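Enquirer: Under the working numbering, the first residue of the first sequence carries the number 2, and numbering increases by one thereafter.
A virtual CB, placed ideally from N, CA and C, is assigned to each residue, including glycine.
As the structure is a prediction and not an experimental result, all values here were calculated from the model.
Pasting a structure here, questions to come.
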Amino acid sequence: MTLQGLQPNAYVAAKMVAMYASHGDIDSALFVFNRIDGERSSLLYNSILRGCAKNGYTEKTLEMYYDMNSIGLRPDNFTFPFVLKCCAELLRVGIGKCVHGQSLRVGLECDLYVGTSLIDMYVKCGEILEASKLFDEMPVRDVSSWNALIAGYMKNGVVGVAEDLFRRMSTRNIVSWTAMISGYTQNGLGDRAFDLFEEMQREGSEVKPNWVTIMSLLPACAHAAALEQGRRIHSYASWIGLDSNSYVQTALVSMYAKCGSLVDARSCFDRLCVKDKGLVAWNTMITAYASHGLGMEAVWTFEDMIRFRVQPDFISFTGLLSGCSHSGLVDIGLKYFNCMNSVYFVEPRVEHYACVVDLLGRAGRLVEAKELIDRMPMQPGPSIWGALLAACRTYRNLEIGEIAAKQLFVLEPENSGNYVLLSNMYAEVGRWEEVDSLRVILKDQGMKKSPGCSWTEINGKAHLFHGGDTYHPQAKEIYMLLEDLPKKIKAVGYVPDTSFVLHDVSEEEKEHNLTTHSEKLAIAFGLLNTYPGTVLRVTKNLRICIDCHTATKYISRIYDREIIVRDVNRFHHFKDGSCSCGDYW
DNA sequence: TGTTAACATT
């Protein structure tokens, strides 16, 4: 239907605006709205506000709200929730407070919907105290009001108060449970999220988990690298009929990739039908390959995405370029970087420069990397200098390394890792005075290396290890295995690399330090507790150290095991004495 | 003649 020349009467116009707005066709709704002659009712404004607010036209919503006020129309109980939602989305608490004032003037502050929307607005703008005060003063509350406040406390990290509210509420619906579960996940309390999920199912009431509930649990699986747990959630999701939910399937791709199973990630990706394979799904798959060091697969996936006519964004390029850098695909990475703007219309951001610095740095092209930094159109941040410093450490280039380190000391003085790196570099060339002065800085500022820890999941239960700890019930067996290990792997060519140990101790002691690194403890535990041939999956909170990397290659050979280690940056697949990263990470 | 709460990709 063409709208040209149409001069609708008020009633027809209102119908049309409502129809277009409810279908998300805001441009047509606005077109009709703007052509209306004569008076516009609150109803009409409410329809258009609803459409704008629901479809992401947040600024427009506020604009229409001003319009409405300027022509003397009174906003009503339907108006405020739409407007407040937009204030929350834009984090414009100042405007939100004006709207709040307006609602007081028209005597609607006691309205249930307005009150709940106000709570939500304050919560999302970080003013939890204001939200809590409103909640206490509300004459009528419903389950949504409680839910808004609970989510608010969770978002602000006040888990205890959220729990208290949750236990005190008389009726809980699925949103209440999901708010708690996702709150736990967001606050790094994955275990409690799973416990609550189970409790919810035990209650066996009419509360049924939905796709949002599943989406709140999957990041907890991914974070803990809990593959078994993730599979359980996946089959549960299938059971409740979510196989065709593209959001859930995409989140599953990400979860499987982060839990180390690319095969499962890919099969979830392949199950998505063409129309559901949106930007997010493609980005997730590209990033998955990149983090596993499969640079060529990342490139192919990117090319598939282009063939399917999906427009890439800056995340696609972050994935693509980091994939190239993790695999040493220097020329391919540079090719994409150089044409991302001209061919794909994506402006390079600082994270893309960081990838390319990393790309050049890992290939030992340090001078080029430094030149690129000098030519950057934006301020180089810690990610840029950090990539350069790490490359200088690998290629033992003290001259450029000092430049990078000095920048980092200014940009992130609290990050002890930078001092340690530079100190290691000085130590290597015997410049002990500099080593000492850096050590003094570290001590004076009370900085500690964040303690390394690794964990592995056996039969659905996670086992956590810190370097050198003996708390695990099987510690004795683990240490017995590790005691023998150096001999065994030295026989097939292993040479301990102690150059990353900062402490001023004897070589023998350094070697012992190495044998009790957390990742080795976790691997030993895995070897002891799984059948021969089982794939071991270990997650580490820091980067895997070079000696553990070397040792794990030998372990994979002599024990004939595939070992997948997720470190803070990427995945390493060890098999038959070599690693998927090609020693390039 | 319609309104509120929980949500994934770097």
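Helix, strand or coil, according to DSSP, for Ala15 in the structure here?
Expert: It is helical.
Enquirer: Which class does Phe572 belong to by DSSP, given the choice of helix, strand or coil?
Expert: Note: Phe572 maps to strand in three-state DSSP.
Enquirer: Assuming contact is defined by CB atoms lying nearer than 8 angstroms, are Val347 and Pro313 in contact in what I supplied?
Expert: Closer than 8 angstroms, so yes.
Enquirer: Out of Pro383, Asn419 and Leu373, point me to the one whose CA is closest to Tyr394's CA.
Expert: Residue identity check: residue 394 is Arg in the sequence provided, not Tyr. Ranking the options by Cα distance to Arg394, first place goes to Asn419.
Enquirer: Taking Cβ to Cβ, would you say Lys554 is nearer than 8 angstroms to Ser519?
Expert: Cβ distance not < 8 angstroms, so Lys554 and Ser519 don't count as in contact.
Enquirer: Determine whether the beta carbon atoms of Ser455 and Leu522 lie at a separation below 8 angstroms.
Expert: Contact: yes.
Enquirer: Compare the beta carbon distance of Ser417 and Leu439 with 8 angstroms and say whether it is the shorter of the two.
Expert: Not in contact: Ser417 and Leu439 (Cβ atoms no closer than 8 angstroms).
Enquirer: Using CA atoms only, rank isn't needed, just tell me which of Met155, Asp165, Met297 and Tyr114 is closest to Val141.
Expert: That would be Tyr114, whose Cα lies nearest to the Cα of Val141.
Enquirer: Identify the continuous beta strand (DSSP E) that holds Val566 and give its terminal residues.
Expert: Run containing Val566: Ile564 to Arg567, per the beta strand (DSSP E) assignment.
Enquirer: How would you call Trp433, buried or exposed, if buried means at least 16 neighbouring beta carbons within 10 angstroms?
Expert: Answer is exposed; the Cβ neighbour count stays below 16.
Enquirer: In this structure, what does DSSP give as the bridge partners for Arg538?
Expert: Looking at the DSSP assignment, Arg538 forms a beta bridge with Ile565.
Enquirer: DSSP three-state call for His224: helix, strand or coil?
Expert: Helix.
Enquirer: Assuming Gly231 and Leu219 make a contact with CB atoms under 8 angstroms, what is their CB distance in whole Å?
Expert: That belief holds up - the Cβ atoms of Gly231 and Leu219 are roughly 7 angstroms apart, short of 8 angstroms.
Enquirer: How is Lys209 classed by DSSP in three states: helix, strand or coil?
Expert: Coil, per DSSP.
Enquirer: Give the range of the beta strand (DSSP E) segment to which Ser455 is assigned.
Expert: Element bounds for Ser455: Cys454 to Ile459.
Enquirer: Going by beta carbon distance, what residues of the same chain come within less than 6 angstroms of Ala19, once the five residues before and after it are set aside?
Expert: If we look at Ala19 and ignore the five residues flanking it on each side, its Cβ neighbours are Ser48.
Enquirer: With distances taken Cα to Cα, identify the nearest neighbour of Leu295 among His235, Arg571 and Tyr472.
Expert: The shortest C-alpha separation from Leu295 is found at Arg571.
Enquirer: Alpha carbon to alpha carbon, how far is Asn398 from Ala388?
Expert: Going from the Cα of Asn398 to the Cα of Ala388 covers about 13 angstroms.
Enquirer: Tell me whether Gly578 sits in a helix, a strand or coil according to DSSP, three-state version.
Expert: Note: Gly578 maps to coil in three-state DSSP.
Enquirer: Could you check how far apart the C-beta atoms of Ala370 and Val351 are, in whole angstroms? I think they sit under 8 angstroms.
Expert: Actually they are not in contact, since the Cβ atoms of Ala370 and Val351 sit about 15 angstroms apart, beyond 8 angstroms.
Enquirer: DSSP three-state label for Lys55, please.
Expert: Helix at Lys55.
Enquirer: How would you label Asp332, buried or exposed, when you count the other beta carbons within 10 angstroms and need 16 or more for buried?
Expert: Exposed is the call here.
Enquirer: How is Lys278 classed by DSSP in three states: helix, strand or coil?
Expert: Looking at Lys278 - three-state DSSP - the assignment turns out to be coil, as it is neither helix nor strand.
Enquirer: Measure the beta-carbon distance from Val599 to Leu190 and round it to whole angstroms, keeping in mind my assumption that it falls under 8 angstroms.
Expert: The requested residue 599 does not occur in the structure, where the chain is confined to residues 2 to 586.
Enquirer: Excluding the 5 residues flanking Ser326 on each side, which residues of the same chain have their C-beta closer than 7 angstroms to its C-beta?
Expert: These residues qualify, in order along the chain: Gly334, Cys356, Asp359, Leu360 and Arg363.
Enquirer: Quick check on this structure: which residue in Glu60, Ala22 and Ala14 has the alpha carbon closest to the alpha carbon of Asp38?
Expert: Among Glu60, Ala22 and Ala14, the Cα nearest to that of Asp38 is on Ala14.
Enquirer: How long is the line joining the alpha carbons of Ile129 and Leu483, rounded to whole angstroms?
Expert: Going by the C-alpha atoms only, they are around 51 angstroms apart.
Enquirer: Under three-state DSSP, which class holds His467?
Expert: Residue state, collapsed to three classes: strand.
Enquirer: Nearest by alpha-carbon distance to Ser43: which of Tyr67, Gly25 and Asp26 is it?
Expert: When only C-alpha atoms are compared, the closest one is Tyr67.
Enquirer: CA-CA distance, Leu85 and Tyr237?
Expert: When rounded, the distance between both Cα atoms is 36 angstroms.
Enquirer: According to the neighbour-count rule (16 or more other Cβ atoms, all chains shown, within 10 Å of its Cβ), is His101 buried or exposed?
Expert: By the 10 Å Cβ count, His101 comes out buried.
Enquirer: Which stretch, first to last residue, makes up the alpha helix (DSSP H) that contains Cys88?
Expert: Cys88 -> alpha helix (DSSP H) spans Thr80 to Leu91.
Enquirer: Here's the rule: buried if 16 or more other CB atoms are within 10 angstroms of the residue's CB, otherwise exposed. What is Lys336?
Expert: Lys336 should be labelled exposed.
Enquirer: Does the separation of the CB atoms of Ala152 and Ala180 fall below 8 angstroms?
Expert: Yes. Within cutoff.
Enquirer: Is it buried or exposed for Glu131, if we count other Cβ within 10 angstroms and need 16 for buried?
Expert: The residue in question, Glu131, is buried, as its Cβ has 16 or more Cβ neighbours within 10 Å.
Enquirer: Is it right to say Thr471 is buried, meaning 16 or more other beta carbons lie within 10 angstroms of its own, or is it exposed?
Expert: Thr471 should be labelled exposed.
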